Amino acid sequence: TDDDGSCTYPSGCDNECGSTAEVDECGECGGDGIDEGACDCDGNVDLGCGCGEVAPSGCDNECGSTAVEDDCGVCNGDGSSCLASLGLGAFDASGSLDVTYDFGGPVAGFQFDVTGLALTGASGGAAGDAGLTVSVGGATVLGFSFDNSEIPAGSGTLTTLAFSSVTAGSTDLSLGNFGAVTDASGNVYTTSASGSVDHGDPDCAGTYYGDAVVDECGECGGDGIDEGACDCDGNVNDCAGECGGSSVVDECGECGGDGAAEGFDCAGNCTDAATCGSVALSYGAVTDLSAEILYSSNFDIGGFQFDT
Numbered sequence: 003t004d005d006d007g008s009c010t011y012p013s014g015c016d017n018e019c020g021s022t023a024e025v026d027e028c029g030e031c032g033g034d035g036i037d038e039g040a041c042d043c044d045g046n047v048d049l050g051c052g053c054g055e056v057a058p059s060g061c062d063n064e065c066g067s068t069a070v071e072d073d074c075g076v077c078n079g080d081g082s083s084c085l086a087s088l089g090l091g092a093f094d095a096s097g098s099l100d101v102t103y104d105f106g107g108p109v110a111g112f113q114f115d116v117t118g119l120a121l122t123g124a125s126g127g128a129a130g131d132a133g134l135t136v137s138v139g140g141a142t143v144l145g146f147s148f149d150n151s152e153i154p155a156g157s158g159t160l161t162t163l164a165f166s167s168v169t170a171g172s173t174d175l176s177l178g179n180f181g182a183v184t185d186a187s188g189n190v191y192t193t194s195a196s197g198s199v200d201h202g203d204p205d206c207a208g209t210y211y212g213d214a215v216v217d218e219c220g221e222c223g224g225d226g227i228d229e230g231a232c233d234c235d236g237n238v239n240d241c242a243g244e245c246g247g248s249s250v251v252d253e254c255g256e257c258g259g260d261g262a263a264e265g266f267d268c269a270g271n272c273t274d275a276a277t278c279g280s281v282a283l284s285y286g287a288v289t290d291l292s293a294e295i296l297y298s299s300n301f302d303i304g305g306f307q308f309d310t
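If you use our numbering, the sequence shown closes out at 310, no skipped numbers anywhere.
What follows is the structure in structure tokens.
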């Protein structure tokens, strides 16, 4: 049948006479639907991370973030960007020592102390590559930039120190009284500096890595007993083999002997008439059958023998 406007035919979702009520998007008959500003039928709103989700959070303002700033002020950082460390690397006793680095950010200047060496200069390394000027004075090493050049974050050899001698039993790296590592804006890194090289004991002349030794005569760097000598005083062995002895070979070739007796040679022959006497023989009268032998002697003759 046709609807004639009477209440015979209720209408709308509420089934009321003359009703035009409809079920809204939230399933409510005659409802207003989702509230203005809301994103669902429960009245939730979208704060940027989805309907009903919490608003962006954390230091990075991201949805669901729990990020916080680290000790260096970096959001969600690992705390390393404001850290710097210095150490000692390769050592060459002939005159060089590497200084190593690990920088969390760019560096434009540094200062530290190295003891135990007579420093003469510094060169090379990341500081040289970046155009920094590095100077030494006493035990202090200073690196700086005239144009704000910076060493990039990273690690490696910072500079190579030159030295003329080792002055102590160990070489130690420290920040000293005024040591620091800074960026181009003058911000100071949290810096640690450590490292040591043990040089051992010096030689007898006080030189580290030297080769001087005490010789057999107790002299540092000496040549020992002279060639041909038998002791450190320069004495030689006498003919009897006694070091520094007084025995000598006499005129007869005997070690420590008294030599030939006065007036005699080494064979016992008389060589001095005044000592052992003298005899002179000569011819006297000579005939065809005989010859007279004359003599002259200053001592008694007990026998004689001669040739004619």
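Ideal Cβ positions, reconstructed from N, Cα and C, are used throughout, including at glycine.
Here the structure is a predicted model, which is why all the values come from computation and not from measurement.
Check your understanding: Exposed or buried, which one is residue 128 when buried takes at least 16 other CB atoms within 10 Å?
Key -> Walking along the sequence shown from the start, residue 128 turns up at place 126. Buried, by the Cβ-count rule.
Check your understanding: DSSP three-state call for residue 278: helix, strand or coil?
Key -> Against the sequence shown, residue 278 aligns to sequence position 276. Reduced to three states, the DSSP call for residue 278 is helix.
Review point. Would a C-beta distance cut-off of 8 Å place residue 245 and residue 234 closer than the cut-off?
Key: Here residue 245 refers to the residue found at position 243 when the sequence shown is read from its first residue. Here residue 234 refers to the residue found at position 232 when the sequence shown is read from its first residue. Taking 8 Å as the Cβ cut-off, residue 245 and residue 234 do not qualify as a contacting pair.
Review point. Helix or strand or just coil, what does DSSP make of residue 89?
Key: Numbered from its first residue, the sequence shown carries residue 89 at position 87. If DSSP states are grouped into helix, strand and coil, residue 89 belongs with the strands.
**Study point:** Delimiting residues of the alpha helix (DSSP H) encompassing residue 205
**Key:** As a working note, residue 205 is residue 203 in the sequence shown. From DSSP, residue 205 is part of no alpha helix (DSSP H); its letter is neither H nor E.
Review point. Under three-state DSSP, which class holds residue 262?
Key: Your numbering for residue 262 matches position 260 in the sequence shown. Coil.
Check your understanding: Once you ignore the five residues that flank residue 203 on each side, which residues in its own chain have a CB closer than 6 Å to its CB?
Key -> Numbered from its first residue, the sequence shown carries residue 203 at position 201. Excluding residues up to 5 positions away in sequence, nothing lies with its Cβ nearer than 6 Å to the Cβ of residue 203 in the same chain.
Review point. Does the distance from the C-beta atom of residue 262 to that of residue 256 stay below 8 Å?
Key: Indexing the sequence shown from 1 puts residue 262 at position 260. Indexing the sequence shown from 1 puts residue 256 at position 254. Contact: no.
Check your understanding: In chain order, what residues of the same chain have a beta carbon less than 6 Å from the beta carbon of residue 161, not counting five sequence neighbours either side?
Key -> On the sequence shown, residue 161 is found 159 positions in, with the first residue counted as 1. So the list reads 101, 124, 127, 129 and 136, once near-sequence residues are dropped.
Exercise for review: Would you identify the three-state DSSP class for residue 290, choosing helix, strand or coil?
Suggested key: The residue you call residue 290 lines up with position 288 of the sequence shown. Looking at residue 290 - three-state DSSP - the assignment turns out to be coil, as it is neither helix nor strand.
Exercise for review: Measuring alpha carbon to alpha carbon, tell me which of 19, 71 and 187 ends up nearest residue 149.
Suggested key: Residue numbering aside, residue 149 sits at position 147 when the sequence shown is read from its first letter. The candidate whose alpha carbon is nearest that of residue 149 is 187.
Exercise for review: Just tell me which of 281, 70 and 193 has its CA closest to the CA of residue 308.
Suggested key: To locate residue 308, count along the sequence shown from 1; it is residue 306. Across the set 281, 70 and 193, the C-alpha of 281 shows the shortest separation from the C-alpha of residue 308.
Exercise for review: Work out the CA separation of residue 60 and residue 70 for me, nearest whole Å.
Suggested key: Here residue 70 is taken as the residue at index 68 of the sequence shown, counted from 1. Here residue 60 is taken as the residue at index 58 of the sequence shown, counted from 1. Whole-angstrom Cα-Cα distance: 6 Å.
**Study point:** Residue range of the unbroken alpha helix (DSSP H) whose run includes residue 132
**Key:** The residue you call residue 132 lines up with position 130 of the sequence shown. From DSSP, residue 132 is part of no alpha helix (DSSP H); its letter is neither H nor E.
Review point. Between residue 1 and the rest of its own chain, which residues show a CB-CB distance below 8 Å, the 5 nearest in sequence each way excluded?
Key: The requested residue 1 does not occur in the structure, where the chain is confined to residues 3 to 310.
Check your understanding: Thinking just about the alpha-carbon of each residue, which of 114, 31 and 303 is nearest to the one in residue 196?
Key -> Here residue 196 refers to the residue found at position 194 when the sequence shown is read from its first residue. When only C-alpha atoms are compared, the closest one is 114.
Review point. Using a Cβ-Cβ cut-off of 8 Å (strictly less than) and excluding sequence neighbours within five positions of residue 37, which residues of its own chain qualify?
Key: Taking the first residue of the sequence shown as 1, we reach residue 37 at position 35. Contacts found: 45.
Exercise for review: Can you check DSSP and say which residues form a bridge with residue 1?
Suggested key: Here the chain has residues from 3 to 310 only, and residue 1 is not among them.
Check your understanding: Would you call the CB atoms of residue 95 and residue 116 closer than 8 Å?
Key -> As a working note, residue 95 is residue 93 in the sequence shown. As a working note, residue 116 is residue 114 in the sequence shown. Contact flag unset, no.
Practice item. Report yes if the CB atom of residue 112 is closer than 8 Å to the CB atom of residue 183, and no otherwise. Key: To locate residue 112, count along the sequence shown from 1; it is residue 110. To locate residue 183, count along the sequence shown from 1; it is residue 181. Going by C-beta atoms, residue 112 is nearer than 8 Å to residue 183.
Point to revise | Strand pairing of residue 272, partner residues [DSSP] | key: Residue numbering aside, residue 272 sits at position 270 when the sequence shown is read from its first letter. Partner(s): 266.
Point to revise | Ranges of the beta strand (DSSP E) found wholly within the region 166-232, counting only runs of at least 3 | key: 172-176, 182-184, 192-195 and 198-200
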